[in-house]
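K.L.:
Protein chains in written order, with this note's numbering: chain A, 18 to 217; chain L, 100 to 302; chain U, 150 to 327.
The C-beta atom is built at its ideal place from N, Cα and C for all residues, glycine as well.
The structure presented is a predicted model; accordingly, all values stated were derived computationally and were not measured.
Starting off with a structure, shown below.
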Amino acid sequence: MGPLIPNGIITGNWDFVIALLLGIAFGFILEASGFSSSRNIAGVFYGYNFVVLRVFFTAVIVAMVGFLYFDYFGWLDLDKIFILPTYLGPMIVGSVIMGFGFVLGGFCPGTSYTAIAIGKMDALLFTVGLFVGIFIFSEAFPLFEDFYYSGYLGNVTLSDVTGIPAAWFAFAFTVIALASFWITMLIEKRVRKNIKEYKF
Amino acid sequence: MNRNYFFLTVLMLVLAAGTFFLNREPEYEQIKPEKLLYDIIQPTRYVTTDQVARFIIDKDPTLELVDVRSAASYDHFSLNNAINIPFDSLLSPNYQDYFGIPGTKVVFYSNDDILADQAWVITRRMGINETYVMKGGLNCWIETIIQPKEPPEDAPYTAFELYQFRKGAQMYFTGAKVDNSVVKKKKVAVRRKKKQKVAAGGC
Amino acid sequence: MEKNTVTNNRPHYINPYLGGVLLGLLVILTVYITGRGLGASGAVKSAVVTTVDVVAPKSAESNPYISKFISDDHSPMYTWLVFESMGIFFGGLLSGILFGRVKKPWVEKSPKITSKTRLIAALIGGILFGIGSQFGRGCSSGAALAGSATFSLGGVIVMLALFGTGYAIAWFFKKLWI
Numbered sequence: 018m019g020p021l022i023p024n025g026i027i028t029g030n031w032d033f034v035i036a037l038l039l040g041i042a043f044g045f046i047l048e049a050s051g052f053s054s055s056r057n058i059a060g061v062f063y064g065y066n067f068v069v070l071r072v073f074f075t076a077v078i079v080a081m082v083g084f085l086y087f088d089y090f091g092w093l094d095l096d097k098i099f100i101l102p103t104y105l106g107p108m109i110v111g112s113v114i115m116g117f118g119f120v121l122g123g124f125c126p127g128t129s130y131t132a133i134a135i136g137k138m139d140a141l142l143f144t145v146g147l148f149v150g151i152f153i154f155s156e157a158f159p160l161f162e163d164f165y166y167s168g169y170l171g172n173v174t175l176s177d178v179t180g181i182p183a184a185w186f187a188f189a190f191t192v193i194a195l196a197s198f199w200i201t202m203l204i205e206k207r208v209r210k211n212i213k214e215y216k217f
Numbered sequence: 100m101n102r103n104y105f106f107l108t109v110l111m112l113v114l115a116a117g118t119f120f121l122n123r124e125p126e127y128e129q130i131k132p133e134k135l136l137y138d139i140i141q142p143t144r145y146v147t148t149d150q151v152a153r154f155i156i157d158k159d160p161t162l163e164l165v166d167v168r169s170a171a172s173y174d175h176f177s178l179n180n181a182i183n184i185p186f187d188s189l190l191s192p193n194y195q196d197y198f199g200i201p202g203t204k205v206v207f208y209s210n211d212d213i214l215a216d217q218a219w220v221i222t223r224r225m226g227i228n229e230t231y232v233m234k235g236g237l238n239c240w241i242e243t244i245i246q247p248k249e250p251p252e253d254a255p256y257t258a259f260e261l262y263q264f265r266k267g268a269q270m271y272f273t274g275a276k277v278d279n280s281v282v283k284k285k286k287v288a289v290r291r292k293k294k295q296k297v298a299a300g301g302c
Numbered sequence: 150m151e152k153n154t155v156t157n158n159r160p161h162y163i164n165p166y167l168g169g170v171l172l173g174l175l176v177i178l179t180v181y182i183t184g185r186g187l188g189a190s191g192a193v194k195s196a197v198v199t200t201v202d203v204v205a206p207k208s209a210e211s212n213p214y215i216s217k218f219i220s221d222d223h224s225p226m227y228t229w230l231v232f233e234s235m236g237i238f239f240g241g242l243l244s245g246i247l248f249g250r251v252k253k254p255w256v257e258k259s260p261k262i263t264s265k266t267r268l269i270a271a272l273i274g275g276i277l278f279g280i281g282s283q284f285g286r287g288c289s290s291g292a293a294l295a296g297s298a299t300f301s302l303g304g305v306i307v308m309l310a311l312f313g314t315g316y317a318i319a320w321f322f323k324k325l326w327i
């Protein structure tokens, strides 16, 4: 059965309508969970609000476990889906840069769009920053072109690299995520007691 | 509230643990043993070296010659347009595209016909139709096509006809006694089953 | 779903675990339909490519990075991620209206800093995120969320490195937030 578009069950003409609808659902979930507030998001780094960790980790484990069931029941062929390629060095460097951007800006691209929608000027500036950042990147691209393509490992999954079945990773992530939910619940309570200025 | 979360935690753990029991190994659908046994005793699964030679000379587009010997032997000598699928990698996913192309007959050969026969049984059990074995293998090929023996004088007429064909085939394959002695190694044109395109994308 | 009753002055958000389950199901649905995950930073990349292509077509073609994304038959804006990102905006707006969070333009910040500081930090953060997302082949949604969920090694690397860096440096930028 799935994926529907690569298997030709839905033709390409519907592509953009589907994109819009999926985007609306995505934006709705992000905003409704409180991701339109940079202070909510940044709270994950200071222990006063773990909403990012909760939503993000829940989504990852639900999707991971769900994929395995979908694959088992034959609804989705996991061999045909897009696996993000791995470029070891560039990805680590890029993520570190993004980490700085995350703490400074308090948004990530998706959440900043929803925050603009409800009138946050800082989100608008963040998106302008994204534009400028990508522009700088592409103008300076020749300087680090070799690095950009280095460390290529292909479109590999964790199972491809380690030989351990995907179910182990799904289970490990689930255990880690669930444990972190309980631990952060306690941390959050403690931290909130000591912060007076911020209304939760 | 904490109790609800406790239940949800357990539910999620059970669901995640459940994935261990999902068998993701590819299952080859096997044909029924009776059918396999029936097919094995059918002589139609063999093609003779003469038939293969004729297919090659006629440039039959539906012919897919598969050399199941090692890659080294294949490099040393192989039939025209044959592809090499070493016997031990017959089940490798890399080669599955070569099988099951509609309207194509797969002909296995090896030095004799034992290895090719085994390959035939394996692919047959995987449910691949239109597979054949070249009777006698390359040894027979050399005997009949490359070095054909003239039949004794009292042989029937058909034997001479066959001999004539084999002489012709010999010229075709070895270039013997042919003016156009430059035998160009033809580029192996191989048809593969169309690969499913993996969607590209990402951020 | 109410955690406790002392939350009246707090904006009403849905339970984060419910949000997470919905988001996880959405990731599955997206992959089920399109064969790939969600994304966000790709749309800005398309915008950059389009802008450069319109303003200075020559330099767009000569730039080895931008030229990768230019095609002759359609505008670089006409891509999946651009439509999806428009959807994100409208989805956010929809939720904002439903939960009564849409306001006149304002700046959310820690009381310890000025609006100007917050805006500058947001701009710099955006620039860094933009640069980083290109190296990382995606941002927190495309790489970290959808990538990890599909068991991609790269996705997990991005997730760990992104949040790891965040925790490592958070202390230095404490003033921006609390």
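Taking all protein chains shown into account, decide if A176/L is buried (16 or more other Cβ within 10 angstroms of its Cβ) or exposed.
P.N.:
The amino acid occupying residue 176/L in the given sequence is Phe; Ala does not appear at that position. The residue is exposed, with fewer than 16 neighbouring Cβ atoms inside 10 Å.
K.L.:
Could you compute how far the alpha carbon of D139/A sits from the alpha carbon of P192/L?
P.N.:
52 Å
K.L.:
Can S290/U and L187/U be called in contact, C-beta distance under 9 Å?
P.N.:
yes
K.L.:
Which value, in whole angstroms, describes the spacing of the CA atoms of V173/A and K323/U?
P.N.:
37 Å
K.L.:
May I have the straight-line CA-CA distance separating F90/A from F84/A, to the nearest angstrom?
P.N.:
10 Å
K.L.:
Any contact between the stretch 274-284 of chain U and the stretch 111-123 of chain A? By contact I mean 3 or more CB pairs, one from each, below 8 Å.
P.N.:
yes
K.L.:
Would you be able to state if there are at least three C-beta pairs under 8 Å between the stretch 62-71 of chain A and the stretch 197-212 of chain U?
P.N.:
no
K.L.:
Does DSSP put E210/U in a helix, in a strand, or in coil?
P.N.:
In this structure, E210/U counts as helix in the three-state DSSP scheme.
K.L.:
Can the beta-carbon of Y256/L be found less than 9 Å from the beta-carbon of R144/L?
P.N.:
no
K.L.:
Could you check whether T273/L and D149/L sit closer than 9 Å to each other, using their CB atoms as the reference points?
P.N.:
no
K.L.:
Is W199/A close to chain L? Criterion is C-beta to C-beta, closer than 9 Å.
P.N.:
yes
K.L.:
Within 10 angstroms of the Cβ of R286/U, are there 16 or more other Cβ atoms? Answer buried if so, exposed if not.
P.N.:
buried
K.L.:
Would you say M111/L reaches chain A, if we count a Cβ-Cβ gap shorter than 9 Å as a contact?
P.N.:
Between M111/L and chain A, the shortest Cβ-Cβ separation is below 9 Å.
K.L.:
Anything in the stretch 44-67 of chain A with a Cβ closer than 9 Å to a Cβ of chain U? List those residues in chain order, please.
P.N.:
G44, F45, I46, L47, E48, A49, S50, G51, F52, S53, S54, S55, R56, N57, A59, G60, V61, F62, Y63, Y65 and F67
K.L.:
Please list, in chain order, the residues of the stretch 189-205 of chain L that have any C-beta partner in chain A closer than 9 Å.
P.N.:
none
K.L.:
Hey, does Y89/A have any beta-carbon neighbour from chain U nearer than 9 Å?
P.N.:
Contact with chain U is absent for Y89/A, since none of that chain's Cβ atoms lies less than 9 Å from the residue's Cβ.
K.L.:
With Y169/A as the anchor, note down where its beta strand (DSSP E) starts and where it stops.
P.N.:
From DSSP, the beta strand (DSSP E) with Y169/A extends over Y169 to G171.
K.L.:
Could you give the DSSP three-state label for W255/U: helix, strand or coil?
P.N.:
strand
K.L.:
Please classify E163/L: does DSSP put it in a helix, a strand, or coil?
P.N.:
Strand.
K.L.:
Checking the sheet assignment: what are the DSSP bridge partners for G19/A?
P.N.:
Per DSSP, the beta bridge partners of G19/A are L93/A.
K.L.:
Just how far apart, CA to CA, sit Q141/L and T75/A?
P.N.:
59 Å
K.L.:
Would you identify the three-state DSSP class for N279/L, choosing helix, strand or coil?
P.N.:
With a pLDDT of 43 at N279/L, under the threshold of 50, the modelled position of that residue is not reliable, and no figure is offered here.
K.L.:
Have a look at I219/A and F239/U and give me their C-alpha separation to the nearest angstrom.
P.N.:
No answer is possible for residue 219/A: the residues shown for chain A start at 18 and end at 217.
K.L.:
Helix, strand or coil: how does DSSP classify T28/A here?
P.N.:
Coil.
K.L.:
Regarding S54/A and the ligand FMN, is the C-beta to nearest heavy atom distance less than 8 Å?
P.N.:
Here there are no bound small molecules, and the ligand FMN is not part of this structure.
K.L.:
Run through DSSP, which three-state label would Y86/A get?
P.N.:
helix
K.L.:
Since A187/A meets chain L, which of its residues come closer than 7 Å, beta carbon to beta carbon?
P.N.:
A115 and T118
K.L.:
Please report the straight-line C-alpha distance between F120/L and K234/L, rounded to a whole angstrom.
P.N.:
Each residue's alpha carbon lies about 45 Å from the other.
K.L.:
For I182/L, write down the residues that DSSP places opposite it in a beta bridge.
P.N.:
V165/L
K.L.:
Is there a C-beta anywhere in chain A that falls below 9 Å from the one on T108/L?
P.N.:
yes
K.L.:
Please report the straight-line C-alpha distance between F52/A and T128/A, rounded to a whole angstrom.
P.N.:
6 Å
K.L.:
Taking DSSP as the reference, what is the three-state secondary structure of K137/A?
P.N.:
Three-state result, K137/A: strand.
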